[in-house]
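Peer 1: Numbering (this note's numbering), first residue to last: 8 to 449. Beta carbons are placed, not taken as given, at the ideal position from N, Cα and C, and that holds for glycine.
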């Protein structure tokens, strides 16, 4: 017999909430794990939990209308004969032709070039359109080796050896058969219409000693001209950064769990890796311990959305940032203009993440010719350039308010944290104190 009060409304479980129970039912009905694109949807400590301490009496601000704030950055100054010189410290992350349409890749190249920055190939090789529209192009060298050839290595302006990705550190890539068109299949030398899986590790090394050999091979192939980046997923940032530096990297790219992916298991995206905010300070500490901070450049990615995020990443010690999901949104991904079609797919604008299905109404994460044609690469490129311009102006505004005439002059001393978690991760004081967890004393 139940003695519950009929006036008391029924309570749902916090552990078994609606989303959790829906996933249990889906798994029970299908017997397969859920696959999706994008980054983590759970809330984790992020840049929003940090604030800048602008200048007042104790600090001297700069006037925006007459005092410059330098935004340029040079990547690959350690060993490369031809380092990459960028006008802004915001780069475009690796997103493959296959995951993205040809028009989307062209738009990335156009937008990055207009803004004076670089874009990155992603898995599956280099397209002529991308090379033709990207003034600075970074070639990703992945475990799959799809599309890899010495000619394209030499055509690139830098090479990024991908060891891990923030959305799935320890996991490989995924491109399902419905997106394997004739051209994608030909570039990857694999069958059309068949699911393609990238390995979770490179086939020709088992540790950092082999990584050093691989970096030397790439330098020999490119006559020591190209900067060599090493990209790691945010999991053990201190040791991974230190080992990448010791292996000979010119640049370390550090990708936190808010970074997106074209497709992987949902359980991977939500439960593996660390927040971007937790990754930066250990990586910077590794560089400092080796005497390599600012000598080996650090690029941070994973959830960068605004000029404030850019400024905060740089203040914590990064030299530049990289954007992926934000760039897709800028050129038209998840646009409410296509809301009716998103609803037909069982979702809504702002939540669409079934990129692996190749049915993107915006024409971005698809290989369907009719859908891809919806994206005008010229207009989309201009939109991306506008977005990059706004982010840069926002970061400059913050830097000037902190009295800095160069974005990379921002420092942890310019920041405070709103939460204990953010204070501990970023190693900056909790607002109103001079203390953060682990520092000791108030």
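Would you kindly work out how many angstroms separate the C-alpha atoms of residue 449 and residue 403, rounded to a whole number?
Peer 2: Interpretation of residue 449 is limited by its pLDDT of 46, a score under 50 that renders its predicted location unreliable; no figure is taken from the coordinates.
Peer 1: According to DSSP, is residue 433 part of a helix, a strand, or is it coil?
Peer 2: Residue 433: helix per DSSP, three-state reduction.
Peer 1: Do residue 330 and residue 100 come within 8 Å of each other at the CB atom, strictly closer than that value?
Peer 2: yes
Peer 1: Quickly, what does DSSP pair residue 182 with across the bridge? List them, please.
Peer 2: 203
Peer 1: Which first and last residues belong to the beta strand (DSSP E) in which residue 239 is found?
Peer 2: 235–240 is the span of the beta strand (DSSP E), which, as asked, contains residue 239.
Peer 1: Count the other CB atoms within 10 Å of the CB of residue 386; is the residue buried (16 or more) or exposed (fewer)?
Peer 2: Residue environment: residue 386 is assigned as exposed (fewer than 16 neighbouring CB atoms within 10 Å of its CB, all protein chains considered).
Peer 1: Could you name the residues of the same chain whose beta carbon sits closer than 7 Å to that of residue 286, not counting the 5 residues immediately before and after it, in chain order?
Peer 2: Closer than 7 Å at Cβ, skipping near neighbours: 241, 244, 261 and 263.
Peer 1: When DSSP builds the beta bridges, which residues end up paired with residue 43?
Peer 2: 271
Peer 1: Note down the Cα distance separating residue 274 from residue 172, rounded to an integer number of angstroms.
Peer 2: 15 Å
Peer 1: Where residue 60 and residue 379 are concerned, what is the direct C-alpha to C-alpha distance, given to the nearest angstrom?
Peer 2: 45 Å
Peer 1: Give the DSSP bridge partners of residue 148, in chain order.
Peer 2: 168
Peer 1: Should residue 74 go down as buried or exposed, given a rule of 16 or more other Cβ atoms within 10 Å for buried?
Peer 2: exposed
Peer 1: Suppose the cutoff is 7 Å on Cβ atoms and the five residues either side in sequence are ignored; what does the same chain contact list for residue 305 look like?
Peer 2: For residue 305, where only same-chain residues beyond five positions count, the Cβ hits under 7 Å are 259, 261, 290, 291, 294, 324, 325 and 326.
Peer 1: For the beta strand (DSSP E) containing residue 423, list its first residue and its last residue.
Peer 2: 422–424
Peer 1: Would residue 318 pass as a contact of residue 103 if the rule is Cβ separation under 8 Å?
Peer 2: The answer is no: Cβ separation not under 8 Å.
Peer 1: Counting along the chain, where does the beta strand (DSSP E) carrying residue 304 start and finish?
Peer 2: 304–308
Peer 1: Does the stretch 117–135 come within contact of the stretch 419–429, defined as at least 3 CB pairs closer than 8 Å?
Peer 2: no
Peer 1: Could you spell out where the beta strand (DSSP E) holding residue 330 opens and where it closes?
Peer 2: 327–330
Peer 1: The alpha helix (DSSP H) that contains residue 385, what's its start and end?
Peer 2: 384–408
Peer 1: Whole-angstrom Cβ separation of residue 234 and residue 257, contact assumed at under 8 Å?
Peer 2: 4 Å
Peer 1: Just to confirm my understanding: we take residue 365, look at its own chain, exclude 5 residues before and 5 after, and list those with CB closer than 7 Å. What are they?
Peer 2: 185, 186, 373, 374 and 375
Peer 1: Can you grab the Cα-Cα spacing for the pair residue 357 / residue 278, in whole Å?
Peer 2: 22 Å
Peer 1: Run through DSSP, which three-state label would residue 455 get?
Peer 2: The chain is shown from 8 up to 449; residue 455 falls before or after that span and cannot be answered.
Peer 1: Which value, in whole angstroms, describes the spacing of the CA atoms of residue 423 and residue 413?
Peer 2: So the alpha carbons of these two residues sit roughly 20 Å apart.
Peer 1: Would you check if the distance between the CB atom of residue 267 and the CB atom of residue 45 is smaller than 8 Å?
Peer 2: yes
Peer 1: Starting from residue 92, trace the alpha helix (DSSP H) both ways and give me its first and last residue.
Peer 2: Taken as a continuous stretch (DSSP letters only), residue 92 belongs to no alpha helix (DSSP H), being part of the beta strand (DSSP E) at 91–93.
Peer 1: Which residues in the same chain as residue 410 place their Cβ atom closer than 7 Å to its Cβ, once the five residues preceding and following it in sequence are excluded?
Peer 2: 62, 66, 67, 68 and 69
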